[in-house]
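Contents: one structure, followed by commentary.
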Amino acid sequence: MKRRLLRIATILLCLITCSIVRAEEKSIAQLTAAAEKGDADAQYRLAQSYIRGLGVAKNHTKALELIQKAADQGHAEAMGGVGYFHANGFAVKKDLAVAAEWFRKGAEKGGAKAQLNYGQALLKGRGVPVNEPDGLKWIDKAIAQDLPHACFVKGEFYYHGMHRHAQDYRKAYEYVIRAAEADHAAAQNMVGSIYDEGLGVKVDLEKAIFWYRKAAEHGDPKGMSNLGQKLGPAGTDASKHVEALKWLLLAQRAHEPMAVKLLLELLPTRPPEVVKEARKLAAEFKPSPSAEGKPASGK
7 MKRRLLRIAT ILLCLITCSI VRAEEKSIAQ LTAAAEKGDA DAQYRLAQSY IRGLGVAKNH
67 TKALELIQKA ADQGHAEAMG GVGYFHANGF AVKKDLAVAA EWFRKGAEKG GAKAQLNYGQ
127 ALLKGRGVPV NEPDGLKWID KAIAQDLPHA CFVKGEFYYH GMHRHAQDYR KAYEYVIRAA
187 EADHAAAQNM VGSIYDEGLG VKVDLEKAIF WYRKAAEHGD PKGMSNLGQK LGPAGTDASK
247 HVEALKWLLL AQRAHEPMAV KLLLELLPTR PPEVVKEARK LAAEFKPSPS AEGKPASGK
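All residue numbers for the sequence shown refer to this note's numbering, where the first residue is 7 and numbers rise by one.
What follows is the structure, given as structure tokens:
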């Protein structure tokens with residue numbers, strides 16, 4: 007009976023996987039057809055697929071070719087995307103000045119990601135002279151469009167007391183929770199820390215673990231490390247030891263410093279069967295995508 011159920015489950019999984027693959031192939035085919043006809047949005051979206059390897063093999067050269075075509079048609083986010091390639095040296099020679107110019111073009115066209123990137127370039131003097139007031143202005147414009155990463159960046163300013171922002175944990179929380187609720191992994195970890203330490207909010211360990219877990223499931227190294235520590239790999243609740251160790255092992259794999267340090271001390275003291283099971287679960291782990299492009303809530 008068990009073998010039969012296992013066979014049925016395997017067949018169902020194969021059918022679902024095949025359906026997803028076919029849907030991705032259809033989507034790519036449709037985007038390609040539209041892109042070849044000169045549709046700027048299709049060119050931009052297809053470029054994103056080539057950047058991330060979604061439905062196609064990763065290909066930065068092809069992605070740049072497509073995103074440049076969209077940018078040349080005035081597509082705001084594509085303009086910022088061209089800046090991204092020049093800022094990182096993907097398929098072109100790295101050039102921060104050229105990147106900043108493309109970020110500016112996209113920002114002035116209303117692209118939220120371009121506004122954030124141009125704002126950060128101005129704050130840090132990457133390819134342009136440092137100009138904090140203008141940099142903050144552009145970041146605020148991206149926040150006004152509910153860009154999750156912009157909300158997270160603003161929250162960091164208040165959290166650390168940076169860039170003309172006095173340290174204010176309550177204000178940090180107000181911005182970071184918007185990004186966290188939009189599935190921004192690093193923001194989810196920060197919200198977990200805020201609840202964990204009671205920074206601007208009441209200490210709430212249940213909420214801290216909830217947010218650490220969300221970040222961890224996206225593969226955020228700090229989130230995985232914090233969740234592992236909170237679950238207690240050597241605590242009084244033995245039922246949590248395997249899961250706690252699993253998250254610490256995953257964080258260690260990502261070179262998260264605290265996890266690396268803890269495991270050096272911890273692994274020799276743990277029962278071999280616990281370590282074996284934790285390693286097995288860590289090997290099977292697949293992070294879920296962090297939807298950082300989704301609109302942030304909290305207007």
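Glycine included, every Cβ here is placed at the ideal spot set by N, Cα and C.
Glu283: first and last residue of the uninterrupted alpha helix (DSSP H) it sits in: Pro278 to Glu290
With DSSP as the reference, label Leu11 as helix, strand or coil. With a pLDDT of only 49 at Leu11, under 50, the local geometry of the prediction cannot be trusted, and the value read off the model is given with reservation. If DSSP states are grouped into helix, strand and coil, Leu11 belongs with the helices.
Below 8 Å on the Cβ atoms is my guess for Leu60 versus Leu37; work out the distance and round it to an integer in Å. Not confirmed; about 11 Å, so no contact.
Quick one, are the C-beta atoms of Ala82 and Gly125 less than 8 Å apart? no
Can you tell me where the alpha helix (DSSP H) holding Leu129 begins and where it ends? Ala118 to Lys130
Am I right that Leu211 and Ala222 are in contact with their C-beta atoms under 8 Å? What's the rounded C-beta distance? Not quite, the Cβ-Cβ distance comes to about 15 Å (not below 8 Å), so this is no contact.
If you drop the 5 nearest sequence neighbours on each side, which residues of the same chain put their C-beta closer than 6 Å to that of Arg110? Tyr124
Mapping the DSSP letters down to three states, classify Val104 as helix, strand or coil. helix
Reference Lys177, options Glu187, Ile200 and Gln194, closest by Cα: Ile200
Report all residues from its chain with a CB closer than 6 Å to the CB of Ala76; omit the five preceding and five following residues, and keep chain order. Ala46, Gln49, Tyr50 and Ala84
Can you name the start and end residues of the alpha helix (DSSP H) that Gly5 belongs to? Outside the shown range of the chain (7 to 305) lies residue 5, about which nothing can therefore be said.
In chain order, what residues of the same chain have a beta carbon less than 8 Å from the beta carbon of Pro274, not counting five sequence neighbours either side? none
Going by C-alpha to C-alpha distance, which of Glu107, Ala250, Arg276 and Pro277 sits closest to Ala265? Ala250
For my contact list, Ala262 and Ser231 are in at a C-beta cut-off of 8 Å; report their separation, rounded to the angstrom. A small fix is needed here, since residue 262 is Glu in this sequence, not Ala. Going by Cβ atoms, the distance from Glu262 to Ser231 rounds to 4 Å, so yes, they are a contact pair.
Between the C-alpha atoms of Asn335 and Lys119, what's the straight-line distance to the nearest angstrom? Residue numbering for the chain in the displayed model covers 7 to 305; residue 335 lies beyond these limits and cannot be assessed.
So, at 8 Å on beta carbons, what are the nonlocal neighbours of Leu122 in its own chain, with the 5 sequence-adjacent residues on each side left out? Trp144, Ile145, Ala148, Leu153, His155, Ala156 and Val159
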